[in-house]
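Contents: one structure, followed by commentary.
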Amino acid sequence: MPMRPPFFALSATLVLLLSIPAQACTLWAAAGPDAGGGTLLSKNRDWAPDHVQILKYERPFGGHVFFGLYAEGNNDPGIKNGINEKGLSIVSASASSIPKKMRAHQPGKRGVIRTILSRYASVDELAADADRVFSGARANFYLVSDRSKVLLAEVGLDGKFSYRVVDKGVQTHTNHYLDPKLAEFNVSIGQSSSTRQARINELLTQSPRPFTTEKFAAISRDRNDGPDNSLWRNGKQHTVASWIVHSPASGPQKLRVVLANPDQPEALHEYTLDEAFWKKN
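If you count by mature numbering (1 follows the signal peptide of the UniProt record, and there is no 0), then the sequence shown holds residues -24 to -1, 1 to 257, one letter each, in order.
This is how it looks when you write it as structure tokens:
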């Protein structure tokens, strides 16, 4: 099989694409003692303020019911985060260190959030099927949690991916590859991605344990690095949503969502994910 050309040999045309602002998100999670038992999963969703977001249920035939955050009215609609009735939650971030043109041309690859939520009940189930799920996925980053574990997956091009599962400590991600085995896909690491990665790590290191939903919510509003590089952004891209799931070792999970839709008042939604919640709609 012919070798792909090295990434440093990209044409000048592709390199110029790197100057185009890329959508970005910040992901972080805690597990075990750091989360007071159980897990916490969080995402700040950054995007151009050119659309609205809604929260809704999906009830796929033969699959798990799930509840998600969906974008509507822009050029990239669909589900962005979600949690299913079995307690599995997923958030994602764009692989912006790969030029947009290359990310757009991935024949046969697909988004996998709906697949994961409808088919899998736990991190262990997903990890056992990781090759099938992530080798067919589009380039992206995923954090997945259940009541006891967190899975971090980095998906590159050509079916290449890596993942790890932890049951204690913290995991963080922005928009470039952290696994050295996938470093070839860091064609250009943006200033925002590197700044936010350093900042989320700094804040988590400085914060006393155990983390709580309230501590994660406070971290999500950090504006330390200006409108374009902070965790909560209002520059070229805006932070349009915050999604935090608390999954205790026992008892109902809790979901906290902030929607910052353009031209609308910011809205806080808090849910207890008990049996009654999953029977709605």
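Note that CB positions come from ideal geometry on N, CA and C, so glycine has one too.
With C-beta atoms as the reference, is residue i less than 9 Å away from residue j?
| i | j | result |
| --- | --- | --- |
| Asp105 | Val141 | no |
| Ala159 | Asp122 | no |
| His40 | Leu64 | yes |
| Ala252 | Leu235 | no |
| Gly166 | Ala24 | no |
To the nearest angstrom, how far is the alpha carbon of residue i from that of residue j?
| i | j | result |
| --- | --- | --- |
| Pro36 | Ser94 | 7 Å |
| Arg108 | Asn60 | 20 Å |
| Asp198 | Arg86 | 33 Å |
| Leu180 | Gln29 | 28 Å |
| Thr248 | Ala7 | 20 Å |
| Asn177 | Thr148 | 7 Å |
| Ala(-3) | Glu48 | At Ala(-3) the pLDDT is 48, less than 50, meaning the model places this residue with poor confidence; the figure from the coordinates comes in the next sentence. For Ala(-3) and Glu48, the distance between alpha carbons rounds to 19 Å. |
| Pro241 | Gly145 | 35 Å |
| residue 259 | Leu154 | Lying outside -24 to 257, the shown extent of the chain, residue 259 is not represented and no answer is given. |
| Arg175 | Pro184 | 16 Å |
| Arg114 | Lys62 | 25 Å |
| Pro75 | Ser111 | 20 Å |
| Glu34 | Asn57 | 12 Å |
| Pro203 | Gly12 | 33 Å |
| Trp254 | Arg209 | 33 Å |
| Glu130 | Ala243 | 31 Å |
| Asn51 | His27 | 9 Å |
| Ala103 | Ile92 | 11 Å |
Since I believe residue j is in contact with residue i (beta carbons under 8 Å), could you give me their beta-carbon distance rounded to a whole number of angstroms?
| i | j | result |
| --- | --- | --- |
| Asp22 | His152 | Going by Cβ atoms, the distance from Asp22 to His152 rounds to 14 Å, so no, they are not a contact pair. |
| Thr15 | Ala69 | Contact flag wrong, Cβ pair sits at about 18 Å. |
| Ser206 | Ser73 | Not a contact, Cβ separation roughly 19 Å. |
| Phe161 | Gly135 | Not a contact, Cβ separation roughly 12 Å. |
| Val67 | Lys19 | 4 Å |
| Pro186 | Asp10 | 6 Å |
| Ser124 | Ala225 | 7 Å |
For residue i, write down the residues that DSSP places opposite it in a beta bridge.
| i | result |
| --- | --- |
| Arg140 | Leu128 |
| Val67 | Asn57, Leu119 |
| His214 | Trp23, Asn210 |
Taking Cβ positions only, does residue i come closer than 9 Å to chain B?
| i | result |
| --- | --- |
| Gly227 | Protein chain content of the structure displayed is limited to a single chain, and chain B is not contained in it. |
If you follow the beta strand (DSSP E) that residue i is part of, which residue opens it and which one closes it?
| i | result |
| --- | --- |
| Asp22 | 15 to 23 |
| Trp254 | From DSSP, Trp254 is part of no beta strand (DSSP E) but of the alpha helix (DSSP H) over 251 to 255. |
| Ile30 | 28 to 34 |
| Gly145 | 145 to 149 |
Return the first residue and the last residue of the alpha helix (DSSP H) that residue i is part of.
| i | result |
| --- | --- |
| Phe187 | Careful: Phe187 lies outside any alpha helix (DSSP H) and carries neither H nor E. |
| residue 312 | Only positions -24 to 257 of the chain appear in this structure, which leaves residue 312 out of reach. |
| Gln167 | 167 to 182 |
| Leu93 | 89 to 95 |
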